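Residue numbers 31 to 291, in our numbering, belong to the letters of the sequence shown in order.
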Amino acid sequence: MLESGEETPTDVTAQVRRHLESLRAAGVEWLPAFGPPMIPTEAPAAPVAAAKERFQEKTEAAVLPVASPVEDRRQELDMLAKVVSGCTRCKELAATRTQTVFGVGRIDPDICFIGEAPGREEDASGEPFVGPAGQLLTRIIAAMGMKREEVYICNILRCRPPSNRQPQPEEAANCREYLERTLELVRPKYICALGATAAKYLLGTSQGITKMRGNFYDFRGTPVMCTFHPSYLLRDPTKKKEVWDDMRALLTRLGKPIPQR
Ligand code: SF4
């Protein structure tokens, strides 16, 4: 029984809500999930070190709750990108890259496009899919009635393989943890695997892309459409029709209108 003047759980909830609203009004955008300190007491590198430590624990406890707000996930994604920027798991790639290429786009997108690895332009700019193949991907997204900023774009690898060679299995394995955590934080409705290498390393399949394209697969509960890589379309434009068919299937699943070409 509550003593006179003792607060009920409802009172406490209302107080917490008012406190959070006053913090938000004061410009506080996010709070750490567990306990103090709210304000970092160490150098700016501390959040990165904390994220790295949490990431390396590889436990369920490191995963944000399902209902975690977008801003919390954006914050963790940014911290993960900082952790990745210092990654040296693949010695050759770490020694030859200009910089890591993490991913771009919105949280909770309809689609996350996953390619193979950064190329020369991406290695120079730090952004995925900005070279000729990337420009074609941007046009494909536009043809679907969307903007590039409305989707998420990343690769199996976050570092450019020398001379744009294909990723080695051990490199894909090294980088998979980053990809998986990215997908957990971004939470796309659908994934589109671009090309055989992306499909192979994402889904663990050895099937060719010609057989796989046009069908939906599953990655931990998220449907995956496989299609040709835009760089293949640059070499063989006759394959554009198949890719458009795949994008139409994606739009249909999403319940979106199919723009006329
Ligand atoms: S490809 Fe991934 S795992 Fe390998 S060095 Fe780059 S960031 Fe690290």
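Positions of the beta carbon are idealized from the N, C-alpha and C atoms, including for glycine. Only a predicted model underlies this, so the values are computations on that prediction, with no experimental measurement involved.
For Asn245, I'd like the list of residues in its chain whose CB is within less than 8 Å of its CB, leaving aside the five on either flank, ordered along the chain. Met255, Cys256
What is the DSSP secondary structure of Val254, counted as helix, strand or coil? strand
Option nearest Phe132 by Cα separation, candidates Leu263, Cys120, Val114, Arg119: Val114
So, using beta-carbon positions, are Thr30 and Cys189 closer together than 8 Å? Only positions 31 to 291 of the chain appear in this structure, which leaves residue 30 out of reach.
Per DSSP, which one or two residues make a beta bridge with Tyr262? Paired residues: none, contrary to the question.
I think Glu180 touches Pro139, with their Cβ atoms under 8 Å apart; what is that distance to the nearest whole Å? 6 Å
Looking only at its chain, what residues have a beta carbon closer than 8 Å to the beta carbon of Leu281, apart from the 5 residues adjacent to it on each side? Met174, Gly175, Pro287, Ile288
Does the distance from the CB of Leu263 to the CB of Leu166 come in under 8 Å? yes
Separation of Ile141 from Leu215, as counted between CA atoms: 14 Å
Taking Cβ to Cβ, would you say Arg291 is nearer than 8 Å to Pro253? no
Mind checking whether the beta-carbon of Asn194 lies closer than 7 Å to any heavy atom of ligand 1? no
Leaving out five residues on either side along the sequence, give the residues of the same chain with a beta carbon under 8 Å from the beta carbon of Gly161. Gly149, Arg150, Glu151, Glu152
Entirely enclosed alpha helix (DSSP H) segments - the segment 184-217, minimum 4 residues: 199-216
With distances taken Cα to Cα, identify the nearest neighbour of Ala223 among Pro260, Asp266, Pro199. Pro260
Whole-Å CB distance - Tyr182 paired with Arg119, under 8 Å assumed: Not really, about 23 Å apart at Cβ, beyond 8 Å.
Is Val114 a contact residue of ligand 3, with contact defined as CB to any heavy atom under 7 Å? You won't find ligand 3 in this model; what it holds is ligand 1.
Going by Cα to Cα distance, which pick from Ala125, Glu210, Ala111, Arg103 is closest to Pro191? Ala125
Straight-line Cα distance separating Leu209 from Pro199: 14 Å
CB-CB under 6 Å to Trp274, same chain, minus the five flanking residues each way: which ones, in chain order? none
Given a cut-off of 8 Å, decide if Ile221 and Glu249 are closer than it, judged by their beta-carbon atoms. Here residue 249 is Phe; the residue named in the question, Glu, does not match the sequence. Contact: yes.
Quick one: is the Cβ of Glu201 within less than 7 Å of any heavy atom of ligand 1? yes
For Val134, name the three-state secondary structure that DSSP assigns. strand
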